[in-house]
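Colleague: In our numbering, the protein residues as written are 9 to 447. Yeah, the Cβ is synthetic: ideal placement off N, Cα and C, and Gly gets one too. Okay, handing you the structure first.
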Ligand code: HEM
């Protein structure tokens, strides 16, 4: 994501509940200070008048048990997208002709309007490629990781974001989907446009102004047509990639093939979800390694520890820190806080992950933690992130090869950085000093 000119560090470190502000510019630098205040004083924190309408409220949830309960009960806690789908379905205008509606929403309308279809969608359409079936990409990802490491200097300072964390998921997702290598820069630019709300959007609802929405849709110009062309070509001559698969598969839940527009929507979701999230996970892992040099030595000596290292880093530094994605469909109680029907719930995954009621010594990265993957960075329940499989695999292979092929990884000389704005825990750059092992 390109550094925004307006990003300045306006939120100062909070000391009490009144100071807590998770969403203004610069809040990123103090998120974890804010979480300890929320846990202590207001684990169910009301944002008065900040629901979907000014008459309703939003609530920030930060306890593990509360969020886990919400995501596992989609009937009581309705995804906000379900409400948007109902509105789309009720409109006289076909959704693909509406302003500011992306193809992902259009395809959701027909492919997964219910919880059952959501599950079928995952199982039949995405799991074989980016969920548990991602294992099929192991050799390809290893090849990509090695090629990126080959390009690093044998010794010296690098920007880890540009040299490794950013290109890896871009290359991997392009190859999974079946896009030509030469189109990766264009795809990356479209990916950046898709995540704009999560970077520049205001407040917990990540709202873009009309001006920003126009800019977003301008930047996305050509994406739909580009994907349509690729889909058409692959219908005629399928290859061994996800888009080809989607052109051929019979979606048994609906007992039919997918339309071009539906495939376009799935591709949109893969590009939106699959690039920056994994980039940020890799960036955070690099920082956790540099923060304690003995960690690198431990992982190099025993690479079996990498699995827990990756889960612990996802827990401690959730790439997607929080999302306002659920509505209460009835009056609820969270502890002693009344949450009326129709309230927005902002699920703060990153805070749940350091809830002392769930995790012993929650702020310690422990390579011997039991059931380390129970963190909520990918959410849980029927809407759990469909790309967790491929993201974990990319992280696993990246660090296996980096640890094996480097003698040391430390912060570089210029190691001051600011986090990028928005709801994701990302840095704009990350200067590292690496020393590669002799070949
Ligand atoms: C470290 C990496 C990632 C993190 C932390 C992450 C996190 C999340 C979270 C928290 C959600 C919301 C779930 C909910 O509302 O309950 C989500 C949804 C989603 N994620 Fe991920 N994600 C990651 C990687 C990926 C990848 C690699 C892909 C695609 C290959 C992907 C695709 C999606 C999609 C499409 C959704 C929306 C739900 C759906 O359409 O089924 N994500 N992700």
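Span of the beta strand (DSSP E) holding residue 68?
Modeller: Here residue 68 refers to the residue found at position 60 when the chain shown is read from its first residue. Segment 66-69, the beta strand (DSSP E) holding residue 68.
Colleague: I want to check one thing, is the minimum distance from the CB of residue 398 to the heavy atoms of the ligand HEM below 7 Å?
Modeller: Sequence index remark: in the chain shown, residue 398 carries index 390 (1-based). Distances taken from the Cβ of residue 398 to the heavy atoms of the ligand HEM include one shorter than 7 Å.
Colleague: The beta strand (DSSP E) that contains residue 444, what's its start and end?
Modeller: The count along the chain shown starts at 1 and reaches residue 444 at position 436. Where residue 444 is concerned, the enclosing beta strand (DSSP E) stretches over 439-444.
Colleague: Should the segment 264-281 be called in touch with the segment 246-254, which here means at least 3 C-beta pairs below 8 Å?
Modeller: yes
Colleague: First and last residue of the beta strand (DSSP E) that includes residue 164?
Modeller: For the purposes of this step, residue 164 is taken as the residue at position 156 of the chain shown. Start and end: 163-167.
Colleague: In chain order, what residues of the same chain have a beta carbon less than 6 Å from the beta carbon of residue 44, not counting five sequence neighbours either side?
Modeller: If you number the chain shown from 1, residue 44 lands on position 36. Closer than 6 Å at Cβ, skipping near neighbours: no residue.
Colleague: Quick check: the Cα distance between residue 187 and residue 54, rounded to an integer number of angstroms?
Modeller: The residue you call residue 187 lines up with position 179 of the chain shown. The residue you call residue 54 lines up with position 46 of the chain shown. Near 45 Å, if we compare the C-alpha coordinates of residue 54 and residue 187.
Colleague: Going along the chain, which residues of its own chain have a beta-carbon closer than 6 Å to the beta-carbon of residue 26, five neighbours each way excluded?
Modeller: One-based indexing of the chain shown puts residue 26 at position 18. Closer than 6 Å at Cβ, skipping near neighbours: no residue.
Colleague: Grab the span of the beta strand (DSSP E) containing residue 341 for me, first residue to last.
Modeller: Along the chain shown, read from residue 1 onward, the residue named residue 341 stands at position 333. Note, residue 341: beta strand (DSSP E), 340-342.
Colleague: When you compare the segment 405-421 with the segment 147-154, are there three or more beta-carbon pairs, one atom per stretch, that lie closer than 8 Å?
Modeller: yes
Colleague: Residue 23: buried (16+ other C-beta within 10 angstroms of its C-beta) or exposed?
Modeller: In the chain shown, counting from the first residue as 1, residue 23 sits at position 15. Exposed, because fewer than 16 other Cβ atoms sit within 10 Å of the Cβ of residue 23.
Colleague: So what's residue 414 in DSSP terms, helix, strand or just coil?
Modeller: Numbered from its first residue, the chain shown carries residue 414 at position 406. Strand at residue 414.
Colleague: Using the C-alpha atoms, what's the distance from residue 422 back to residue 260?
Modeller: The residue you call residue 260 lines up with position 252 of the chain shown. The residue you call residue 422 lines up with position 414 of the chain shown. Whole-angstrom Cα-Cα distance: 54 Å.
Colleague: Helix or strand or just coil, what does DSSP make of residue 14?
Modeller: Against the chain shown, residue 14 aligns to sequence position 6. In this prediction, residue 14 scores a pLDDT of 38, lower than 50, which makes its location untrustworthy; the coordinate-derived value is nonetheless stated afterwards. Looking at residue 14 - three-state DSSP - the assignment turns out to be coil, as it is neither helix nor strand.
Colleague: So, for residue 203: in the same chain, excluding its five sequence neighbours on each side, which residues have a beta-carbon less than 6 Å away from its beta-carbon?
Modeller: Along the chain shown, read from residue 1 onward, the residue named residue 203 stands at position 195. 284.
Colleague: Starting from residue 303, trace the alpha helix (DSSP H) both ways and give me its first and last residue.
Modeller: If you number the chain shown from 1, residue 303 lands on position 295. From DSSP, the alpha helix (DSSP H) with residue 303 extends over 301-309.
Colleague: Sorry if obvious, but does the Cβ on residue 357 come closer than 7 Å to a heavy atom of the ligand HEM?
Modeller: Looking up residue 357 in the chain shown gives position 349. It does: the Cβ of residue 357 is within 7 Å (strictly closer) of some heavy atom of the ligand HEM.
Colleague: Spell out the partners DSSP gives residue 79 in its beta bridges.
Modeller: Here residue 79 is taken as the residue at index 71 of the chain shown, counted from 1. Answer is none; residue 79 lacks a bridge partner.
Colleague: Hey, residue 72 and residue 430: beta-carbon distance below 8 Å or not?
Modeller: By one-based count along the chain shown, residue 72 stands at place 64. By one-based count along the chain shown, residue 430 stands at place 422. Against a cut-off of 8 Å, the Cβ pair of residue 430 and residue 72 comes out as no contact.
Colleague: Could you tell me the alpha carbon to alpha carbon distance between residue 67 and residue 143, rounded to whole angstroms?
Modeller: Start at 1 with the first residue of the chain shown, and residue 67 comes out as number 59. Start at 1 with the first residue of the chain shown, and residue 143 comes out as number 135. Answer to the nearest angstrom: the Cα atoms are 38 Å apart.
Colleague: Please return the same chain residues whose Cβ sits closer than 7 Å to the Cβ of residue 370, not counting the five positions on each side in sequence.
Modeller: The residue given as residue 370 occupies position 362 in the chain shown. If we look at residue 370 and ignore the five residues flanking it on each side, its Cβ neighbours are 362, 363, 364.
Colleague: Might you give, ordered along the chain, the residues of its own chain that have their beta carbon closer than 8 Å to the beta carbon of residue 113, omitting 5 neighbours on each side?
Modeller: By one-based count along the chain shown, residue 113 stands at place 105. Closer than 8 Å at the Cβ level, and outside the excluded window around residue 113, lie 89, 92, 93, 96, 103, 273.
Colleague: Tell me whether the beta-carbon of residue 427 lies closer than 8 Å to the beta-carbon of residue 37.
Modeller: Within the chain shown, the letter at position 419 stands for residue 427. Within the chain shown, the letter at position 29 stands for residue 37. In contact: residue 427 and residue 37 (Cβ atoms closer than 8 Å).
Colleague: Is residue 106 buried or exposed, if buried means 16 or more other CB atoms sit within 10 Å of its CB?
Modeller: The residue labelled residue 106 in the question sits at position 98 within the chain shown. Flag for residue 106 reads exposed.
Colleague: Is the segment 317-327 close to the segment 75-84, with three or more CB pairs under 8 Å?
Modeller: no
Colleague: Out of 49, 299, 132, 442, which one is the CA nearest neighbour of residue 415?
Modeller: Residue numbering aside, residue 415 sits at position 407 when the chain shown is read from its first letter. Out of 49, 299, 132, 442, 442 has the C-alpha closest to the C-alpha of residue 415.
Colleague: Specify the secondary structure class of residue 38 as computed by DSSP and reduced to three states.
Modeller: Within the chain shown, the letter at position 30 stands for residue 38. Residue 38: helix per DSSP, three-state reduction.
Colleague: Which same chain residues end up closer than 6 Å to residue 126 when comparing Cβ atoms and leaving out the 5 residues on each side of it in sequence?
Modeller: Along the chain shown, one-based indexing puts residue 126 at 118. Here the set comprises 120, 390.
Colleague: Closest to residue 387 by C-alpha separation, out of 58, 80, 417, 239, would be which residue?
Modeller: Residue 387 sits at position 379 when you count from the first residue of the chain shown. It is 80 whose Cα lies nearest to the Cα of residue 387.
Colleague: CB-CB under 7 Å to residue 87, same chain, minus the five flanking residues each way: which ones, in chain order?
Modeller: For the purposes of this step, residue 87 is taken as residue 79 along the chain shown, with counting starting at 1. In chain order, 333, 334, 391 place their CB closer than 7 Å to the CB of residue 87, counting only its own chain and leaving out the 5 sequence neighbours on each side.
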